[in-house]
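A.B. asks: In the working numbering, the protein residues as written are 99 to 494. Pasting a structure here, questions to come.
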Amino acid sequence: MEARLVPVSDKSRYVLDIEKAVEMIDENTVGLFVILGSTYTGHFEDVAGMSKALDRLHKERGWEIPIHVDGACGAMIAPFVFPDLAWDFRVPHVASISTSGHKFGLTYPGIGWVVWRSPECLPSELTFELSYLGGVEKTFTLNFSHPACFLIAQYYQFIRFGRSGFTRMVNACMYHARLLSVALEATGAFECMSDMHRPRGQFGFSEATRLAASNLFAESAMCQKSGADPSVNDVYNYGQPEVAFRFSDWFIQKNPNANQDVVSTLLRVRGWIIPNYPLPPNRGSIRILRVVIRETSSEDTVNRLVRDIMWATQTMLESLTKPLGEALLRPLPPTVSTSDLARDVAATHKETLNDSRRSSHWEGLLGKIGELKAAASSAAAVIDKEAKKAVYQHSC
Numbered sequence: 099m100e101a102r103l104v105p106v107s108d109k110s111r112y113v114l115d116i117e118k119a120v121e122m123i124d125e126n127t128v129g130l131f132v133i134l135g136s137t138y139t140g141h142f143e144d145v146a147g148m149s150k151a152l153d154r155l156h157k158e159r160g161w162e163i164p165i166h167v168d169g170a171c172g173a174m175i176a177p178f179v180f181p182d183l184a185w186d187f188r189v190p191h192v193a194s195i196s197t198s199g200h201k202f203g204l205t206y207p208g209i210g211w212v213v214w215r216s217p218e219c220l221p222s223e224l225t226f227e228l229s230y231l232g233g234v235e236k237t238f239t240l241n242f243s244h245p246a247c248f249l250i251a252q253y254y255q256f257i258r259f260g261r262s263g264f265t266r267m268v269n270a271c272m273y274h275a276r277l278l279s280v281a282l283e284a285t286g287a288f289e290c291m292s293d294m295h296r297p298r299g300q301f302g303f304s305e306a307t308r309l310a311a312s313n314l315f316a317e318s319a320m321c322q323k324s325g326a327d328p329s330v331n332d333v334y335n336y337g338q339p340e341v342a343f344r345f346s347d348w349f350i351q352k353n354p355n356a357n358q359d360v361v362s363t364l365l366r367v368r369g370w371i372i373p374n375y376p377l378p379p380n381r382g383s384i385r386i387l388r389v390v391i392r393e394t395s396s397e398d399t400v401n402r403l404v405r406d407i408m409w410a411t412q413t414m415l416e417s418l419t420k421p422l423g424e425a426l427l428r429p430l431p432p433t434v435s436t437s438d439l440a441r442d443v444a445a446t447h448k449e450t451l452n453d454s455r456r457s458s459h460w461e462g463l464l465g466k467i468g469e470l471k472a473a474a475s476s477a478a479a480v481i482d483k484e485a486k487k488a489v490y491q492h493s494c
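Next comes the structure, spelled out in structure tokens:
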């Protein structure tokens, strides 16, 4: 069995390129994977669009090719916040769907789900039939004995929350992901590769799309009716609550030696595990930081994360001219509140942010979190030797 990997592109928004996928199909193709929720950027691949392309192939050449939807995260998101999106068995070529219970299904790792359109879609050659304790047991896995606790946990969560409860949970995740996205882009130092915070139909980062996303977020946050109402998502792009971001072009031009790996490492000092990794092959020169918003996240979580990302970025810049341990000697002031920080940062620029204003804007934002001292004072902060030693050892 040969696995053919379809390269991504800027045009395809770093997910499945339907045109390239069609070019790689031949008479021996037995199936096609479409991912609902890219691991890299959180985009939903176009299941319905891929199905239409397969329809055309069927009419032209008679090939019947099924689709498997890998909905590890997205299949537990789309039904609750994007009910209008056709990605499931409403799409003719979809034969099977898988999802993870331990992600947005709210259970422990150890359970996943796969659903087939009909028994005919699961070849009999893949199943085992066992006569056991007076009955016949069918299975298509090689794990015959396993605990039932994960299944019970999933059943409990379904019964406990129901559709409205899951809608409230996912809506909250989407809100916090959009807040984080808009705030990061408002700093001028970052741009998002994910698009779930942008108006539907707008993709990619520019000052125009940044302003559009910022204004849309402010409007939709004001008029959100109910946490169980999915219609608030109708004006946004499809996607999962994932924020993929990188340094903006302006920031890289101003700081050509800026290193996202250092930012990722520094965030670990603050207790955050935020990976920095390349996009898929063909666009692997682009490295991104990624945050997946969990159901336990709150606005305060986003506030603290925005603060710590700014702190890590400024510390990284200082480490370009001095040892990292020395740069770390500027801990976050404990007296500075993060209340409403993300909203405040998101609202700082409702107008176009040009290059001449970005540096002063960044310094102004650092002032909001107490990173810069008063401009009139040139006195350095005094840190005793023991504290200095402790911070340095922690950084190492």
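For each residue, glycine too, the CB sits at the ideal point set by N, CA and C.
Which of the three DSSP states, helix, strand or coil, is assigned to Gly263?
C.D. replies: Helix, per DSSP.
A.B. asks: Ends of the alpha helix (DSSP H) at Ala119?
C.D. replies: Looking at the DSSP string, the run of the alpha helix (DSSP H) that includes Ala119 is 116-121.
A.B. asks: When you compare the CB positions of Asp327 and Arg368, do they come within less than 8 Å of one another, or not?
C.D. replies: Cβ atoms of Asp327 and Arg368: not closer than 8 Å.
A.B. asks: Would you kindly report the start and end of the unbroken alpha helix (DSSP H) that includes Glu158?
C.D. replies: 145-159
A.B. asks: If you draw a straight line from the C-alpha of Thr137 to the C-alpha of Phe238, how long is it?
C.D. replies: 26 Å
A.B. asks: Measure the Cβ-Cβ separation of Ile123 and Cys271 and say whether it is below 8 Å.
C.D. replies: Between Ile123 and Cys271, the C-beta spacing is not below 8 Å.
A.B. asks: Taking C-beta to C-beta, are Asn179 and Asn380 nearer than 8 Å?
C.D. replies: A small correction: the amino acid at residue 179 is Val; Asn does not occupy that position in the sequence shown. No, they are not a contact pair.
A.B. asks: Based on Cα-Cα distance, which residue from Glu143, Leu451, Thr399 lies nearest to Ser437?
C.D. replies: Thr399
A.B. asks: When we look at the beta-carbon of Cys247 and count the other beta-carbons within 10 Å, is it buried (16 or more) or exposed?
C.D. replies: By the 10 Å Cβ count, Cys247 comes out exposed.
A.B. asks: What number of angstroms, rounded off, separates the C-alpha of Met267 from the C-alpha of Arg261?
C.D. replies: 10 Å
A.B. asks: When DSSP builds the beta bridges, which residues end up paired with Lys109?
C.D. replies: Paired residues: none, contrary to the question.
A.B. asks: Please classify Val113 as buried or exposed, where buried requires at least 16 neighbouring CB atoms within 10 angstroms.
C.D. replies: Val113 should be labelled buried.
A.B. asks: What runs of the alpha helix (DSSP H), each 4 residues or longer, lie entirely inside the stretch 243-302?
C.D. replies: Counting whole runs of 4 or more residues, the stretch 243-302 contains the alpha helix (DSSP H) stretches 247-284.
A.B. asks: Between which two residues does the alpha helix (DSSP H) holding His166 run?
C.D. replies: Here His166 belongs to no alpha helix (DSSP H); instead the beta strand (DSSP E) covers 165-168.
A.B. asks: Tell me which residues share the same chain as Ala151 and place their Cβ nearer than 7 Å to its Cβ, disregarding the 5 neighbours each side in the sequence.
C.D. replies: Ile116, Val120
A.B. asks: Check whether the stretch 296-308 touches the stretch 216-232, counting contact only when three or more Cβ pairs, one atom from each stretch, lie closer than 8 Å.
C.D. replies: Flag = no, the stretch 296-308 and the stretch 216-232 do not touch.
A.B. asks: Please report how far the alpha carbon of Ser329 lies from the alpha carbon of Gly172, in whole angstroms.
C.D. replies: 17 Å
A.B. asks: Does the Cβ of Asp182 have 16 or more other Cβ atoms within 10 Å, making it buried, or fewer, making it exposed?
C.D. replies: With a 10 Å radius around the Cβ and a threshold of 16 neighbouring Cβ atoms, Asp182 comes out exposed.
A.B. asks: Name the DSSP beta bridge partners of Trp214, please?
C.D. replies: Per DSSP, Ser194.
A.B. asks: Where do the N-terminal and C-terminal ends of the beta strand (DSSP E) with Ser229 fall, by residue?
C.D. replies: Segment 226-230, the beta strand (DSSP E) holding Ser229.
A.B. asks: By the DSSP assignment, the beta strand (DSSP E) with Thr237 in it spans what residues?
C.D. replies: 233-237
A.B. asks: Among Glu125, Glu227, Ala251, which one has its Cα closest to the Cα of Gly208?
C.D. replies: Ala251
A.B. asks: Which partner residues of Leu130 appear in the DSSP bridge assignment?
C.D. replies: In the DSSP output, where bridge partners are listed per residue, Leu130 has Ile165.
A.B. asks: Under a Cβ-count criterion, where at least 16 other Cβ atoms within 10 Å of its own Cβ denotes burial, should Ile372 be classed as buried or exposed?
C.D. replies: buried
A.B. asks: Name the two residues that bound the continuous beta strand (DSSP E) containing Arg388.
C.D. replies: 385-390
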